Every structure is written in C-alpha cells, then in structure tokens.
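Below you'll find the structure, written out as structure tokens, and then a few comments.
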Amino acid sequence: MLLEVRDLHVEFRTRDGVAKAVNGVTYSVDEGETLAVLGESGSGKSVTAQAVMGILDTPPGRITSGEILFQGEDLLKYKEEERRKVRGAKMAMIFQDALSSLNPVLSVGAQLGEMFTVHRGMSRKDARAKAIELMDRVRIPGAAARVGDYPHQFSGGMRQRIMIAMALALEPALIIADEPTTALDVTVQAQVMDLLAELQRELSMGLILITHDLGVVADVADRIAVMYAGRIVESAPVHDIYKAPAHPYTKGLLESIPRLDQKGQELYAIKGLPPNLMNIPPGCAFNPRCPFAQDICRAEVPPLAEVDEDRRSACFFWRETLDAAASSGGPRA
Amino acid sequence: MPEPMPPEPHISGGDRAAEDGAIAATGLDGTMDLAAQEGESLEKRLDAPESGPEGKPRSLWSDAWRDLRRNPVFIISGLAILFLVFISLWPGSIASGNPLQCDLSKAQEGSQPGAPFGYNGQGCNVYTRTVYGARVSVTVGVCATLGVAILGSVLGGLAGFFGGAGDAVLSRITDIFFAIPVVLGGLVLLSVVTSSTVWPVIGFMVLLGWPQISRIARGSVITTRQNDYVQAARALGASNSRMLLRHIMPNAIAPVIVVATIALGTYISLEATLSYLGVGLKPPTVSWGIDISSASQYIRTAPHALLWPAGALAVTVLAFIMLGDAVRDALDPKLR
C-alpha cells in the first residue's frame, strides 16, 4: 500500500471553540490507483489532504491522533526537515486555483526549474531545459518560447497544466489534486482531467482526487470515499457506488445531480445544512438530515461496516439503503 | 468546441506559422492539438494589445517601469533628484570656491557676480554653501532610508512570517517607538553626541524610523503568506527561507518601497530640523539646516541667506515625495 491514513483526527482551535474537522478518517491509496474523495465544503476532505502533505497550518490546526503511513513509514513521526524532503519529491499537490497557486513575480520556467534546483541540485541551465521538457509533456504549445512567460500570460487551462507539471516534476509516488478543475471551463476541465489521468497511468502514481464533482469522478476514479462531517461515510469501487449507494448521504448526493430527463423539474436537494464542526450532532452526524434516521442513529456513532470485500458504509441501515436503491433501479440506471 | 476558430487580425502570419510549427513539433493527437491551439490563440488575442512589440514578458516591475516612464510627475521629480545626486557627488562642477571660506567684509551683501545668491551673515557665499549642502542632505536621506528599510523589512518580515511570541514582542516594541516624539527624542539623544559627522543623525533616524517600515512589512508579509502560491511552494517542498525570500518578499516588498521613498524626503527635512535645533549636524559641516538656523537671525536684513537653502530644502523634499507618490501609483495594483 502506497498511502494509508488510519483513524486520523484533526481539530482547529478557534476563539469560539474547538472545530473537529477530521474525526477518524481511514483511507488508503495504492500505486497507480485513483481515489476520489467526495464531500461538501467543510466535510474535511481538504484538511485530511493537508495533513497528509504536512502543510496544515499549526496552530490553529492540530493532528490529535492517527497515523499517516506513506510507503510503510509514519509521516507523523518525521521531523519537519525530513517531511519537507518528502514533499515535492515523493508526494505533491495540485491546487484548485492555478492562477493564485503560481507566484506572479516569477516566470513559469523559474518556478518549474526551482523543483530541480532545490530538490536535485541542478544548475539553472539544466533546470530550464527540464522545465521546457515538462511544459512539453503537459502539452503547452511552444514550450521553449513560453518558458520565460509569467503566470498571468497563460489561460486558465494552461496554468493548471503548469501546476500539474510542477507537481509531476520529480515524478512523485503520490499526487493529491484538490479540486483541480473547479476553476476551469467545462471543456477545459475534461482536457485537464484527461491529461492528469494519462500522466498518472504513465508514471503509475497514486492519485487522490478531492472533488465535489460527481461527473469528474465517474470518469477517472477507481475508488470513491465519501466524507461527511470529518468522517468517511462510504467507500467503494466507483461502479458500485453509482449502481447502488449504501449510505443515505451518498444516495442524496447522487440524486441531486441534474439529469436530462428531469428537465423543467425542481432539482433534488438534501434537506438541511452540513453540521457545525464545533457542535457535531451526537450519533451519526448525518441523522438530522437523513430521511431514514431511527433512534439508534441519534444515540450511537455507526461504525464503518463491511458491505462486501472492498466496500464499507457507516450506516446502521446500509442493507436497507442498498435494497431501496436496487429496487428503484438506482439513481442513475 | 464552444467557439469556432475565428480569423485573427491581431496575429501576424509569421506568428501564426510559428505557433503552428511549435504545436506540430510537440506531436499531439488531433483533438488535443485543436483545443490547445484554441486556448493559446484566444489568449494571444487577449494579450496582444497589452504586450510590447517584442512580446517581452510583463511582470509587476516591468509594468511599473512602463507606467513610470509615462508619468510626468516621475520624470520631473526624477530629473530633480538626478541633478541633486549629481551636485552632491561633484559640487565643485557648478560652484567655485570653498564653502568654508568666508569673508566678513562681504556679510549680508546681495546678489553679485561670483555669488548669485549673495552672502550670509558670516560673509559666506550662499550659492556655494547651498550647492555643497546638498551632499549632506542626500547622504542623510539615502542612508537613513536604506537603514530603515533594511532593518524594518527584515524584522517585520520575520515577525509576519513566523508569527507567534516573537511577533507579539516586536509589535509591542514598535508601539513603544511610535510613542516617542521624534523631535523630543532627537533633542534628548543627540544632545549628548559630540561627533560632528552625519552618522549619529542617521543612526538616530534609523532607530526611530524602522518601526514604521517594520509594521508595513509585517502586514504585507502576512497578507502575502496567505496566498495559495506560498502554500503551493510549501507543498512542493520549499524551505522556510526559500518561501520567505523567493516567494513572499518579492510580492510583499512594494508597499515598503513606496513608504521608504516618501519617507526619504521627510528624513531630509528632519535632518534640517535637528540641525536647526542645534542637535543635528554641527559646523563645520555644511548643511541646509545649519544655514537656515544661522540665517534666521538676519531674516530682516538678509532674507536671501535664509530663502535659498530653505528653498533648496523644500524642492528636494518635494521631489522625493513626488517620486514616492509616482512609485506608489505604479506599484499599487488597485489603481490599475
């Protein structure tokens, strides 16, 4: 296993109290595998990723317990200096907004080249040649001519390609992409996702794709982990989830996707709001919004139950949910 | 594709061909080719009116320089400052004679050949003294500004970047310094100094001036630190020093430059103030402040001896403040 996150807890101490952003997340990614982490804003998906990368702002953030095993070693036991050497070289991250993720006063060539001068100790000239090579690889037309250009001179899609190039520069074993296509046009989104998926296959990297776009997930992910209020509520191979969700929250998410045959009708929405992380409801965090909630849901936290070999659901009634989905033919059948 | 490929009048045939060649060279599949090309050409169209004829990369600094060159305020103040720097380096080139050689028999005489500004109460040539006085003013202004900018941005930058206890302590120290009235502080501190060089005065200005820059640098670094690209650099394994020096400072330094440029003028006038009060520079140093101070006794009988150094001082301070203003206009993205 390339990366295993085990029972990770992260909290933020704020003036108003302690916000429990991540409450026992467990997931894993293998080499060459794509794990999509799905969830609403504030579900803890980005915070988990930041904890894995070691770029959580501490304080106010704090990892209270858990393990992050990367290639068998617990990163949380590393010293900051050792951790820094892992970042960029062995694991890298792609951010949502490529314009703000690139330094406006440095040319893209300088920023790409920096990866090689810093981590590999290359000369500036060699690093520049490498930068051009990378830009070619992510299909930036006329790379050699554009290596000296600044980020604002590129279009949104091109900038995201450059971010991808930076992340891939040292051929890391793991890439975390935090909503890499959210800031892009739909047509460009597809190109960027295709490029990312292709490079991932080529280098057989593990990819954690953080998103709330179910459409993107269906195309590229191998497995899905759905997060809610800092917990994994369902994890399963991508096709199983789309066929029949085993958690009411997943079901709600899938039903709220706009569909062509519903033209003119009101869109389905999950009732209520995501919980306040400073005051997570007792029992199952989803119970106030769940149409199937029973007394037990308000009293006990449901464990991540085994649905089948590689599928888990944190719902007491996953069987019923699954059956309901199967009998109605599934939300997307 | 959402948009058909339109004909592009902005792009010359040569450009187009070069671009096509570059794309062909990368050897991509057809769809990608088209998409990439479209993105590219769209962007070229948007960039075309703005980028220079050579299509040179534009950055904040090159943009600012372009703006400055077209700004008459910058040109006027820049020329005035160049002239000032020139006469402070080579005062002998436009003024003959020694500013310290005075002839009491000519005291308070008016304008005459060889002494266009007349003579002061001690019979010194006002023109020569005014020209030679520029050196001290420029030296004090530039050195104090450099010292303040370096000390202030280093301390403020570190405090803003690392935060925590060090930041809290530094912020309170700056508060303490803000509470010291400059003139009063100068009277107290500089009155015990016996040296007649410019260095105690410069040292005093740096001591009282750095908190202002430090505060601005701290705020600017905190704002810049929160940018995604700093987080991105961290995620790609950049060390603290690299993040601070390469990713934060170049993006955070603009406000410091602006304030420092404007402050330069005020340091020059502060030197004159302190010299006037008798705690700044002391004779035989030639300084506008000293001359203003001594000429004020003869203001009824020989006003020219006061007006020329005072005028030179006013013009110099104005030039630096105008320069600072022009630099601010050029560097402030909100004014674009």
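Those protein sequence lines, which keep their order, are chains A and B. Take 0 as the starting number for the first sequence in numbering that gives the first Met the number 0 and just add one per residue. Take 0 as the starting number for the second sequence in numbering that gives the first Met the number 0 and just add one per residue. Just so it is clear, CB atoms sit at the ideal spot from N, CA and C, and this is done for glycine as well. Being a predicted model, the structure only gives us computed values, none of them experimental.
Please determine if the segment 289-302 of chain B and the segment 217-226 of chain B are in contact, where contact requires at least 3 C-beta pairs separated by less than 8 Å. no
Could you check whether the Cβ of B:Pro254 sits closer than 8 Å to any Cβ belonging to chain A? As a position in the second sequence, residue 254 of chain B is number 255, starting the count at 1. It does not: the Cβ of B:Pro254 has no partner Cβ on chain A nearer than 8 Å.
Just to confirm the assignment, what range does the beta strand (DSSP E) spanning A:Arg310 have? Reading the first sequence from its first residue, position 311 is the one you call residue 310 of chain A. 310-312 is the span of the beta strand (DSSP E), which, as asked, contains A:Arg310.
In its own chain, which residues sit with a C-beta less than 7 Å from the C-beta of B:Pro112, not counting the 5 before and 5 after it? The count along the second sequence starts at 1 and reaches residue 112 of chain B at position 113. If you ignore the 5 residues before and after B:Pro112, its C-beta comes within less than 7 Å of no other C-beta in its own chain.
Cβ neighbours of A:Phe69 in the same chain (closer than 6 Å, five flanking residues each side left out): For the purposes of this step, residue 69 of chain A is identified with residue 70 of the first sequence, where counting begins at 1. Leu2, listed in sequence order.
Report yes or no: is there a C-beta of chain A within less than 8 Å of the C-beta of B:Arg233? Against the second sequence, residue 233 of chain B aligns to sequence position 234. It does: the Cβ of B:Arg233 has a partner Cβ on chain A nearer than 8 Å.
CB A:Pro58 to CB A:Arg12, shorter than 8 Å? Here residue 58 of chain A refers to the residue found at position 59 when the first sequence is read from its first residue. Here residue 12 of chain A refers to the residue found at position 13 when the first sequence is read from its first residue. Going by C-beta atoms, A:Pro58 is nearer than 8 Å to A:Arg12.
Using a Cβ-Cβ distance cut-off of 8 Å, determine whether A:Met52 contacts chain B. In the first sequence, the residue the question calls residue 52 of chain A occupies position 53. The beta-carbon of A:Met52 is placed less than 8 Å from the nearest beta-carbon of chain B.
Between which two residues does the alpha helix (DSSP H) carrying B:Ala271 extend? Taking the second sequence and counting its residues from 1, one reaches residue 271 of chain B at position 272. It spans 253-275 - the alpha helix (DSSP H) in which B:Ala271 sits, taken as one unbroken run.
Going along chain B in order, which residues have a C-beta closer than 9 Å to the C-beta of A:Lys84? One-based indexing of the first sequence puts residue 84 of chain A at position 85. Per Cβ cutoff of 9 Å: Gly236.
Would you list, in sequence order, the uninterrupted beta strand (DSSP E) runs of no fewer than 3 residues that lie entirely inside the segment 67-111 of chain A? 90-93
Could you give the DSSP three-state label for A:Asn22: helix, strand or coil? Taking the first sequence and counting its residues from 1, one reaches residue 22 of chain A at position 23. DSSP, read as helix, strand or coil, puts A:Asn22 in strand.
Ends of the alpha helix (DSSP H) at A:Thr210? Translated into positions along the first sequence, residue 210 of chain A becomes position 211. Premise fails: A:Thr210 lies in the beta strand (DSSP E), 205-210, not in any alpha helix (DSSP H).
Mind listing which residues of the segment 205-230 of chain B have their C-beta closer than 9 Å to chain A's C-betas, in chain order? Asn226, Asp227, Tyr228, Val229, Gln230
On the DSSP bridge list, what partners appear for A:Gln305? Start at 1 with the first residue of the first sequence, and residue 305 of chain A comes out as number 306. The amino acid at residue 305 of chain A is misidentified as Gln; the sequence shows Glu. Answer is A:Arg311, bridged to A:Glu305.
List the whole-angstrom C-beta distance separating A:His238 from A:Leu37, where the pair is believed to meet the contact cut-off of C-beta under 8 Å. In the first sequence, the residue the question calls residue 238 of chain A occupies position 239. In the first sequence, the residue the question calls residue 37 of chain A occupies position 38. 15 Å between Cβ atoms; not a contact.
Do A:Arg222 and A:Leu34 come within 8 Å of each other at the CB atom, strictly closer than that value? Within the first sequence, residue 34 of chain A is the residue found at index 35, counting from 1. Within the first sequence, residue 222 of chain A is the residue found at index 223, counting from 1. Yes, they are a contact pair.
In chain A, what lies closer than 9 Å to B:Arg65 by C-beta? Taking the first residue of the second sequence as 1, we reach residue 65 of chain B at position 66. Close to B:Arg65, with beta-carbon spacing below 9 Å, lies no residue of chain A; the smallest spacing is near 14 Å.
What is the DSSP secondary structure of B:Asn246, counted as helix, strand or coil? On the second sequence, position 247 is the one that residue 246 of chain B refers to. At residue 246 of chain B the sequence reads His, which differs from the Asn that was named. DSSP places B:His246 in helix when its eight states are reduced to three.
B:Ile320 by DSSP, collapsed to three states: which one? Against the second sequence, residue 320 of chain B aligns to sequence position 321. Annotated three-state conformation of B:Ile320 is helix, per DSSP.
Grab me the residues of A:Ser234's own chain with a C-beta within less than 6 Å of its C-beta, minus the 5 sequence neighbours each way, in chain order. Along the first sequence, one-based indexing puts residue 234 of chain A at 235. Result list for A:Ser234: Ala224, Arg311, in chain order.
Out of curiosity, what's the CA-to-CA distance linking A:Leu195 and A:Ile163? Looking up residue 195 of chain A in the first sequence gives position 196. Looking up residue 163 of chain A in the first sequence gives position 164. The straight-line gap from Cα to Cα measures roughly 7 Å.
Taking only beta-carbon atoms, is A:Met192 less than 8 Å away from chain B? By 1-based counting over the first sequence, the position of residue 192 of chain A is 193. Not one chain B Cβ lies under 8 Å of A:Met192.
Find the residues of chain A that neighbour B:His246, judging by a C-beta separation of less than 7 Å, and give them in chain order. Sequence index remark: in the second sequence, residue 246 of chain B carries index 247 (1-based). Within 7 Å Cβ-Cβ: Asn102.
Since A:Leu206 and A:Ile174 are thought to touch, with beta carbons under 8 Å apart, how far apart are those beta carbons, to the nearest angstrom? Reading the first sequence from its first residue, position 207 is the one you call residue 206 of chain A. Reading the first sequence from its first residue, position 175 is the one you call residue 174 of chain A. Contact flag correct, Cβ pair sits at about 5 Å.
Identify the continuous alpha helix (DSSP H) that holds A:Phe316 and give its terminal residues. Against the first sequence, residue 316 of chain A aligns to sequence position 317. No alpha helix (DSSP H) contains A:Phe316, which DSSP labels as neither H nor E.
Using a Cβ-Cβ cut-off of 7 Å (strictly less than) and excluding sequence neighbours within five positions of A:Gln110, which residues of its own chain qualify? Counting from 1 along the first sequence, the entry for residue 110 of chain A is found at position 111. Here the set comprises Leu101, Asn102, Met165.
Could you tell me which uninterrupted beta strand (DSSP E) segments, each at least 3 residues in length, are contained entirely in the segment 216-271 of chain A, listed from first to last along the chain? 222-227, 230-236
At least three beta-carbon pairs within less than 8 Å, the segment 284-295 of chain A to the segment 303-322 of chain A: yes
Since A:Ala35 is in the beta strand (DSSP E), which residue starts that stretch and which ends it? Counting from one through the first sequence, the residue named residue 35 of chain A turns up at place 36. Per DSSP, A:Ala35 belongs to the beta strand (DSSP E) from 33-37.
Just checking: is the beta-carbon of A:Ser255 within a distance shorter than 8 Å of some beta-carbon in chain B? Within the first sequence, numbered from 1, the residue matching residue 255 of chain A stands at position 256. No, A:Ser255 does not count as interfacial toward chain B.
Would you check if the distance between the CB atom of A:Ala18 and the CB atom of A:Met204 is smaller than 8 Å? As a working note, residue 18 of chain A is residue 19 in the first sequence. As a working note, residue 204 of chain A is residue 205 in the first sequence. No, they are not a contact pair.
Are the CB atoms of B:Ile261 and B:Gly323 within a distance shorter than 8 Å? As a first step, residue 323 of chain B is located in the second sequence; it is residue number 324 there, counting from the start. As a first step, residue 261 of chain B is located in the second sequence; it is residue number 262 there, counting from the start. Yes, Cβ-Cβ distance for B:Gly323 and B:Ile261 is below 8 Å.
Run down chain B in chain order and give the residues with a C-beta less than 7 Å from the C-beta of A:Val260. The count along the first sequence starts at 1 and reaches residue 260 of chain A at position 261. One detail in the question is off: residue 260 of chain A reads as Asp in this sequence, not Val. Per Cβ cutoff of 7 Å: no residues; A:Asp260 is ~24 Å from chain B at best.
Of all the options B:Tyr228, B:Gly156, B:Phe203, which has the alpha carbon lying nearest to the alpha carbon of B:Gly185? For the purposes of this step, residue 185 of chain B is taken as the residue at position 186 of the second sequence. Answer by Cα proximity: B:Phe203.
Mark B:Phe73 as exposed unless 16 or more other C-beta atoms lie within 10 angstroms of its C-beta, in which case mark it buried. To locate residue 73 of chain B, count along the second sequence from 1; it is residue 74. Answer is buried; the Cβ neighbour count reaches 16.
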